[in-house]
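If you read the sequence shown in numbering that gives the first Met the number 0, its first letter stands for residue 0, the second for the next number, and so on. Glycine included, each C-beta is placed from N, C-alpha and C at the ideal position. Okay, structure first, notes after.
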Amino acid sequence: MNKGIRIFIAVTIAIFLLVGNFTIPNSKASTTTTFIVGWGGTAFDTLNPFTTYTTISLWILANVYDSLCVFSANQTQLLPDLAKSWKIYNENGTAIIHLNPDAKWSDGLPVTSQDVNYSYYLASQSWSPAYPYVNMITSISTPDNYTVIFHYTGAIFQLVALNNVYIVPYHIWKNVNASTYFGYNSSSTPHFVGSGPFLITDYKANQYVKISKNPNYFNKNRMPHIDSVIFQFFTSTANMISALQAGQIDGFGPYAEPSQVGLIKNNTNAVLVTSPPNEYFYLSFNVYPSGHGNPTLKDINVRLALAHAIDLTNLTKLIWHGYGIPTATVFTPTHPYADKSLKPYSYNITLANQILDSHGYKMGPNGYRVSPNGTPLKYTIIVPSSMPEEINAANIIATNYWSKIGVQTTVQAMDTGTMSSIIWPDFNHDIDLWDWILTPADPVTALSPFLSSQVETGMSDSGYTNLSYDSLYNQMLNATTLQEVKNISYQLQVILYNDLPYIPLYSPEPIQAYSKKWTNISTDYPGGPFGGYDWRPFLTVEPLSNVTQGQNNTILYIVTGIIVVIIIAAVAYIAVRGKKKK
0 MNKGIRIFIA VTIAIFLLVG NFTIPNSKAS TTTTFIVGWG GTAFDTLNPF TTYTTISLWI
60 LANVYDSLCV FSANQTQLLP DLAKSWKIYN ENGTAIIHLN PDAKWSDGLP VTSQDVNYSY
120 YLASQSWSPA YPYVNMITSI STPDNYTVIF HYTGAIFQLV ALNNVYIVPY HIWKNVNAST
180 YFGYNSSSTP HFVGSGPFLI TDYKANQYVK ISKNPNYFNK NRMPHIDSVI FQFFTSTANM
240 ISALQAGQID GFGPYAEPSQ VGLIKNNTNA VLVTSPPNEY FYLSFNVYPS GHGNPTLKDI
300 NVRLALAHAI DLTNLTKLIW HGYGIPTATV FTPTHPYADK SLKPYSYNIT LANQILDSHG
360 YKMGPNGYRV SPNGTPLKYT IIVPSSMPEE INAANIIATN YWSKIGVQTT VQAMDTGTMS
420 SIIWPDFNHD IDLWDWILTP ADPVTALSPF LSSQVETGMS DSGYTNLSYD SLYNQMLNAT
480 TLQEVKNISY QLQVILYNDL PYIPLYSPEP IQAYSKKWTN ISTDYPGGPF GGYDWRPFLT
540 VEPLSNVTQG QNNTILYIVT GIIVVIIIAA VAYIAVRGKK KK
């Protein structure tokens with residue numbers, strides 16, 4: 000045998016032995032990928048986008064329904080969702096929306112302008128917490144199946160109206176009472192009809208909601224890389240972190256306690272995440288005129304004294320260990336509409352006592368004050384049992400601060416469902432310590448709970464009513480420029496600062512984590528990937544093994560290409576040498 004041919008055969012065998020060490024994955028192999036996210040915040044209340052007030056419900060719904068538009072991570076740009084294109088004319092209050100004709104409901108029917116019109120009608124009802132997002136809309140017309148024309152007053156329309164209303168199927172919802180419908184019907188077929196990248200496929204009260212990939216989702220650029228997501232509810236963050244450590248969940252939100260950061264860092268299989276804040280905690284006073292709490296809290300002088308009797312700087316350090324920022328307003332300190340000129344009330348026990356003394360709240364023989372008509376300044380703070388750091392905060396306020404001005408305070412921890420039943424509809428509480436998670440781009444979520452109309456919707460836990468506030472809020476909705484919107488939002492914050500239906504406490508950086516077996520999770524959205532407002536995480540996340548396998552395949556293809564080149568060169572070399580010998 001020719002020596003050149005023998006060398007060529009030997010090299011070829013060696014090369015194919017080398018290639019044999021690479022395995023080509025079976026493209027037909029099928030594995031189901033499920034991301035289980037733990038949630039330790041306020042439990043979800045309903046799957047109805049027009050009656051829910053909880054962040055977790057809205058987050059779930061953002062994955063199964065579409066809105067017309069969504070905001071970019073930096074909150075500066077509207078991106079297409081159901082809307083394929085749009086034009087906004089603030090000068091005459093008109094917006095023309097062209098729907099994506101490819102969008103379909105999961106039962107096969109097209110998404111049309113009729114669905115959009117009906118969804119905005121439901122959102123505009125007085126019983127809906129979504130009402131503040133749409134009450135600047137004066138009329139809607141639908142000249143054809145894929146065109147919607149909004150007429151509105153106020154530049155705020157572009158901040159809130161296009162991205163905060165989920166579009167539901169008219170042909171399903173026309174047959175239900177939208178004010179009481181739960182949003183998922185396990186006894187019907189199908190149980191759920193949506194248009195989003197996922198569909199609700201399973202639900203167990205107070206335990207979990209499962210959503211599964213919608214195979215017919217119209218936006219192929221946003222098709223999820225995973226098959227399903229399970230939102231699992233936890234009554235304590237400690238249990239949630241233990242579940243991550245045990246591999247029972249894949250990530251969690253909306254936050255962990257700062258004291259638990261060490262546990263997360265010690266978990267070699269977890270990625271610790273901190274992101275811009277979109278949440279603040281507060282004390283809410285029952286000031287509802289018809290409420291049944293301690294009536295002394297309806298006196299602004301009592302609330303002012305209580306505000307001066309909290310060392311907010313020290314409390315924030317004790318509770319959040321450097322991960323929290325004291326706040327004075329109903330916005331997070333980094334929110335674009337926060338009035339940064341407002342500062343927390345000064346900690347001044349002497350002043351607090353003087354305020355109470357001068358308004359007739361005398362100290363009794365037991366060391367606690369009574370009102371001029373003999374009502375003891377004796378209060379109960381209710382707080383979610385799932386928030387141990389806030390239970391601690393409430394106890395510090397009661398024992399270390401308010402006791403110094405003759406106020407007797409009891410702290411009761413309970414689940415959020417029980418809290419809600421005490422507060423709404425009869426306002427049977429004194430004070431609650433709770434949180435708000437805010438939409439990052441607009442002032443509506445933060446300011447609307449203080450509207451008189453929101454008492455009946457379950458959005459207001461203070462029962463605050465102020466017709467001047469309502470009027471100014473409506474002026475904000477009708478403002479013709481975004482700068483005017485901001486200026487009025489500042490005025491509204493000053494009213495709340497002076498009237499004190501809330502004492503804002505602090506805004507924590509969300510501390511979250513996820514398993515290292517997953518990748519492509521962005522952390523730049525306010526509130527973090529698992530904080531309840533980022534619409535992207537479950538569209539982009541995928542198992543790290545998929546990415547690694549893809550990289551291995553790339554290496555294989557490169558090596559194979561090199562091999563082919565070598566073989567071709569070898570064949571050519573042998574052929575040329577053979578010709579020369581002849």
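| Check | Outcome |
| --- | --- |
| On the DSSP bridge assignment, give the partners of R368 in chain order. | M362 |
| Quick check on the burial criterion: 16 or more other C-beta atoms within 10 angstroms. Buried or exposed for F191? | buried |
| Have a look at Y254 and P371 and give me their C-alpha separation to the nearest angstrom. | 43 angstroms |
| Name the DSSP bridge partner or partners of H150? | T93 and S138 |
| Residue range of the beta strand (DSSP E) that D356 falls in? | Note, D356: premise wrong, no beta strand (DSSP E); alpha helix (DSSP H) at I348 to S357. |
| Which one of G321, S340 and I318 has the shortest CA to CA distance from A327? | S340 |
| For H358 and Q124, I'd like the C-alpha separation in whole angstroms. | 42 angstroms |
| Starting from V110, trace the beta strand (DSSP E) both ways and give me its first and last residue. | Here V110 belongs to no beta strand (DSSP E), and DSSP marks it neither H nor E. |
| Could you pull out every residue in the same chain whose Cβ sits closer than 8 angstroms to the Cβ of R221, ignoring the five residues on either side in sequence? | P196 and L538 |
| Let's test the definition: count the other Cβ atoms within 10 Å of the Cβ of D523 and tell me whether it reaches 16, buried, or not, exposed. | exposed |
| Keeping to the same chain, check which residues put their C-beta closer than 6 angstroms to that of D441; ignore five residues upstream and five downstream. | L158 and V159 |
| Thinking just about the alpha-carbon of each residue, which of S227, Y336, D434 and S105 is nearest to the one in Y279? | D434 |
| From G416 to D44, what does the alpha carbon distance come to, in whole angstroms? | 8 angstroms |
| So W58 is in the alpha helix (DSSP H); what residue range does that whole segment cover? | T54 to V63 |
| By Cβ distance below 6 angstroms, which residues in the same chain neighbour V286 in space, the five residues on each side in sequence not counted? | K297, S461, G462, Y463 and P500 |
| Name the DSSP beta bridge partners of Y281, please? | W433 and P503 |
| Looking only at C-alpha atoms, which of N62, K316, T50 and T480 sits nearest to I395? | K316 |
| Going by DSSP, which residues form a beta bridge with N70? | First, the amino acid is wrong: residue 70 is Phe here, not Asn. F70 pairs with L77. |
| Short of 6 angstroms in beta carbon distance, which residues of its chain neighbour P332, apart from the five on each side in sequence? Order them along the chain. | I324, T326 and S506 |
| Could you tell me the alpha carbon to alpha carbon distance between A304 and P294, rounded to whole angstroms? | 15 angstroms |
| Based on Cα-Cα distance, which residue from I354, Q206 and P335 lies nearest to N486? | P335 |
| Taking its Cβ as the centre, do 16 or more other Cβ atoms sit within 10 Å of I421, making it buried, or is it exposed? | buried |
| What's the call for A245, buried or exposed, on a 16-neighbour Cβ count within 10 Å? | exposed |
| By the three-class DSSP mapping on this structure, what secondary structure does Y513 have? | strand |
| How do the stretch 338 to 354 and the stretch 379 to 399 stand: do at least 3 beta-carbon pairs fall below 8 angstroms, yes or no? | no |
| DSSP has K377 in a bridge; who is on the other side? | Q407 |
| Find the nearest neighbour of P48 within the set G39, G40, W38 and A61, judged by alpha-carbon distance. | A61 |
| Comparing the CB of D80 with every heavy atom of the ligand ZN, is any distance shorter than 7 angstroms? | The ligand ZN is not part of this structure, which contains no ligands at all. |
| By DSSP, does V228 sit in helix, in strand, or in coil? | strand |
| Going along the chain, which unbroken runs of the alpha helix (DSSP H) with 4 or more residues stay wholly within the stretch 214 to 278? | 236 to 244 and 260 to 265 |
| According to DSSP, is G530 helix, strand or coil? | coil |
| Find the nearest neighbour of N116 within the set S105, P168, F232 and N73, judged by alpha-carbon distance. | P168 |
| In the DSSP output, what is S84 paired with across the bridge? | H97 |
| Just to confirm, are T41 and P536 a CB contact at a threshold of 8 angstroms? | no |
| What residues in its chain sit with their C-beta under 6 angstroms from that of T50, if we drop five residues either side in the sequence? | none |
| How do the stretch 226 to 237 and the stretch 98 to 109 stand: do at least 3 beta-carbon pairs fall below 8 angstroms, yes or no? | no |
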